[in-house]
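Written out below as structure tokens is the structure these notes cover.
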Amino acid sequence: MKNSTTKMISFIFSMMLVFVVILVIFSVNILNKQESYVALSAEGYKNHILVVGTHTDAAFLQEVYEGAASVADDYDAVVELLLPDSHADDVSISSWLEYAEYIGASGVIAYIDDEKEIVNSPVDITGKKIPLVTLGNDNPNSSHISYIGTNKYELGRQLAKLVNSIKPQNAQLLVVADTNYNSEATNIMVAAFSESLGSSSNLSWHMLETGRNKNVSSDEIIRQTFLKRPEINMVICLSLEDTLRVTQSVIDLNKTGDIKIIGFHESEKTLEYLSKGILSAIISFNPEKIGKTAMKEIFDYKQNGYANGYIVSDINIITKQTLARREHLK
119 MKNSTTKMIS FIFSMMLVFV VILVIFSVNI LNKQESYVAL SAEGYKNHIL
169 VVGTHTDAAF LQEVYEGAAS VADDYDAVVE LLLPDSHADD VSISSWLEYA
219 EYIGASGVIA YIDDEKEIVN SPVDITGKKI PLVTLGNDNP NSSHISYIGT
269 NKYELGRQLA KLVNSIKPQN AQLLVVADTN YNSEATNIMV AAFSESLGSS
319 SNLSWHMLET GRNKNVSSDE IIRQTFLKRP EINMVICLSL EDTLRVTQSV
369 IDLNKTGDIK IIGFHESEKT LEYLSKGILS AIISFNPEKI GKTAMKEIFD
419 YKQNGYANGY IVSDINIITK QTLARREHLK
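Right, dumping it as structure tokens:
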């Protein structure tokens, strides 16, 4: 009987050891696949908030992080941005949420690329929900305390208004969108855009869907489109990544004075292109404000047990003129 008890204790101890080793390996693997920006040392702070996403969303999330970190002291918190170094090192959102559980994070702000992806709030060691705020895309079956996103119909209306205000004579417009992940959201946006644009003999447009052809890079698809359709004189980009691809192709083909480009999301690079006149305008959603709002939602939930389920982010249009006024006010 004593031998059986000893064997049982040894078995349980071995299983616990294996479990700990697996957790350590998982944590090291995650940490080796991230680019981590820590606002302050976590020591001495009551709360630890993670901002997570894929490499694609790095520029946008950097600004979300900066907004969240700017109010961290108000909540006795440290904010940490976790991003992979490259597409090859991308970590899934579910892995980031598992990591949040492992370290006992106080809250998570996560950018969701795919509208079909279902995410669930992580839980701590006691089984209590860790507040999760999602950005980007939302699946109605996901479990989170808040989603901060754009009204896609209103975005389509705003794009149409902008196009009508800056379009060249006999505009030949190309709308570039990656519908591989966000087909439903894109369809709503495009429907509103078409409806608001109305009929105009001075404009024709068509869509270029990137991301669907796995054998040809999106960069090459965009470049070939410009070469095959030299009449294109205006482009709308519906993602930050496509904005950078389109802009680079226009620069490489020496067409910077011939094509008006409306970019998506403000970042250091897009603002630089705007100041140089390569971009005509940028559609922005005030990512720093989103970061601050996400922090408020997390701590409202922690204090009151509830938060706003859906928050519509602002749509801002940045032009070279508004950028100059912003710089003047600094």
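Residue 300 in the working numbering is what sits at position 182 of the sequence shown, and the numbering runs on without skipping anything.
By construction, the Cβ of each residue, glycine as well, lies at the ideal position given by its N, Cα and C atoms.
From a predicted model like this one, the values you see are computed outputs, not experimental measurements.
Contact belief for residue i with residue j at Cβ below 8 Å, rounded distance in angstroms
{"i": "Pro-405", "j": "Glu-198", "result": "The pair is not a contact, with the Cβ atoms about 17 Å apart (cut-off 8 Å)."}
{"i": "Ile-379", "j": "Val-353", "result": "5 Å"}
{"i": "Ala-228", "j": "Ile-167", "result": "That belief does not hold up - the Cβ atoms of Ala-228 and Ile-167 are roughly 11 Å apart, past 8 Å."}
{"i": "Leu-397", "j": "Thr-365", "result": "7 Å"}
{"i": "Arg-341", "j": "Ser-367", "result": "5 Å"}
{"i": "Val-189", "j": "Lys-407", "result": "That belief does not hold up - the Cβ atoms of Val-189 and Lys-407 are roughly 11 Å apart, past 8 Å."}
{"i": "Ile-243", "j": "Lys-270", "result": "That belief does not hold up - the Cβ atoms of Ile-243 and Lys-270 are roughly 38 Å apart, past 8 Å."}
{"i": "Ile-211", "j": "Gly-225", "result": "No, Ile-211 and Gly-225 are not in contact; Cβ-Cβ is about 15 Å, not under 8 Å."}
{"i": "Lys-285", "j": "Ser-314", "result": "The pair is not a contact, with the Cβ atoms about 13 Å apart (cut-off 8 Å)."}
{"i": "Tyr-163", "j": "Val-209", "result": "Not quite, the Cβ-Cβ distance comes to about 24 Å (not below 8 Å), so this is no contact."}
{"i": "Tyr-193", "j": "Asn-165", "result": "6 Å"}
{"i": "Val-237", "j": "Leu-215", "result": "7 Å"}
Among the options, nearest to residue i - alpha-carbon criterion
{"i": "Leu-291", "options": "Pro-249, Pro-258, Phe-344", "result": "Phe-344"}
{"i": "Ser-260", "options": "Val-169, Lys-270, Glu-233, Glu-338", "result": "Glu-233"}
{"i": "Gly-185", "options": "Thr-437, Tyr-424, Gly-423, Ala-412", "result": "Ala-412"}
{"i": "Tyr-419", "options": "Asn-333, Asp-296, Ser-239", "result": "Ser-239"}
{"i": "Asn-449", "options": "Leu-321, Ala-303, Lys-164, Gln-421", "result": "Past the edges of the chain, shown from 119 to 448, lies residue 449, and the structure says nothing about it."}
{"i": "Glu-327", "options": "Asp-296, Val-209, Leu-371", "result": "Asp-296"}
{"i": "Asn-75", "options": "Gln-276, Val-241, Glu-235, Lys-247", "result": "In the structure as shown, the chain starts at 119 and stops at 448, and residue 75 therefore has no counterpart that could be examined."}
{"i": "Glu-390", "options": "Val-308, Val-430, Thr-437, Ala-425", "result": "Thr-437"}
{"i": "Lys-387", "options": "Arg-363, Ala-309, Val-308, Gln-421", "result": "Arg-363"}
{"i": "Phe-311", "options": "His-324, Arg-275, Ala-218", "result": "Arg-275"}
{"i": "Phe-382", "options": "Cys-355, Asp-194, Glu-216, Val-209", "result": "Cys-355"}
{"i": "Ile-230", "options": "Val-308, Thr-304, Lys-373, Val-170", "result": "Val-170"}
{"i": "Asp-191", "options": "Ser-393, Tyr-424, Phe-417", "result": "Phe-417"}
{"i": "Asp-376", "options": "Gly-395, Val-237, Asn-333, Ala-303", "result": "Gly-395"}
{"i": "Asp-432", "options": "Leu-273, His-262, Glu-302", "result": "Leu-273"}
{"i": "Gly-316", "options": "Ser-335, Leu-277, Thr-304, Glu-302", "result": "Leu-277"}
{"i": "Thr-361", "options": "Ile-221, Tyr-424, Glu-384, Ser-335", "result": "Glu-384"}
{"i": "Glu-338", "options": "Gln-421, Leu-371, Val-430, Tyr-217", "result": "Leu-371"}
{"i": "Ser-336", "options": "Trp-323, His-324, Glu-359, Ser-393", "result": "Glu-359"}
{"i": "Gly-427", "options": "Ser-393, Glu-415, Met-325", "result": "Glu-415"}
{"i": "Arg-443", "options": "Val-430, Ala-425, Val-308, Ser-393", "result": "Ser-393"}
{"i": "His-262", "options": "Tyr-424, Val-430, Asn-434, Ile-435", "result": "Tyr-424"}
{"i": "Arg-347", "options": "Ile-429, Val-334, Met-325", "result": "Met-325"}
{"i": "Ile-435", "options": "Glu-219, Ala-399, Gln-421", "result": "Ala-399"}
Start and end residues, beta strand (DSSP E) containing residue i
{"i": "Ile-435", "result": "434 to 436"}
{"i": "Ala-195", "result": "195 to 201"}
{"i": "Val-430", "result": "428 to 430"}
{"i": "Ala-190", "result": "Careful: Ala-190 lies outside any beta strand (DSSP E) and carries neither H nor E."}
{"i": "Asn-165", "result": "165 to 170"}
{"i": "Val-294", "result": "289 to 296"}
Span of the alpha helix (DSSP H) around residue i
{"i": "Ser-314", "result": "301 to 315"}
C-beta neighbour in chain B for residue i, strict 7 Å
{"i": "Arg-341", "result": "The structure shown contains no chain B; it holds only a single protein chain."}
- Task: Just list the beta strand (DSSP E) runs in the region 325 to 412, keeping only unbroken ones of 3 residues or longer that don't cross its boundaries, in chain order.
- Result: Within the region 325 to 412, the beta strand (DSSP E) runs of at least 3 residues that lie entirely inside it are, in chain order, 352 to 355, 378 to 382, 399 to 402.
- Query: What beta strand (DSSP E) runs, 3 residues minimum, are completely inside the region 216 to 275?
  - Reply: Whole beta strand (DSSP E) segments, 3+ residues: 225 to 230, 250 to 254, 264 to 267.
- Cβ contact check for the region 247 to 254 and the region 266 to 275: 3 or more pairs under 8 Å: Result yes; three or more Cβ-Cβ pairs closer than 8 Å.
- Query: Below 8 Å, can you find three or more Cβ-Cβ pairs linking the region 169 to 186 to the region 392 to 410?
  - Reply: Taking 8 Å as the limit for Cβ pairs, the verdict is that the region 392 to 410 does touch the region 169 to 186.
- Three CB pairs or more closer than 8 Å across the region 272 to 291 and the region 337 to 351: Here the region 272 to 291 makes contact with the region 337 to 351; the two share three or more CB pairs at distances below 8 Å.
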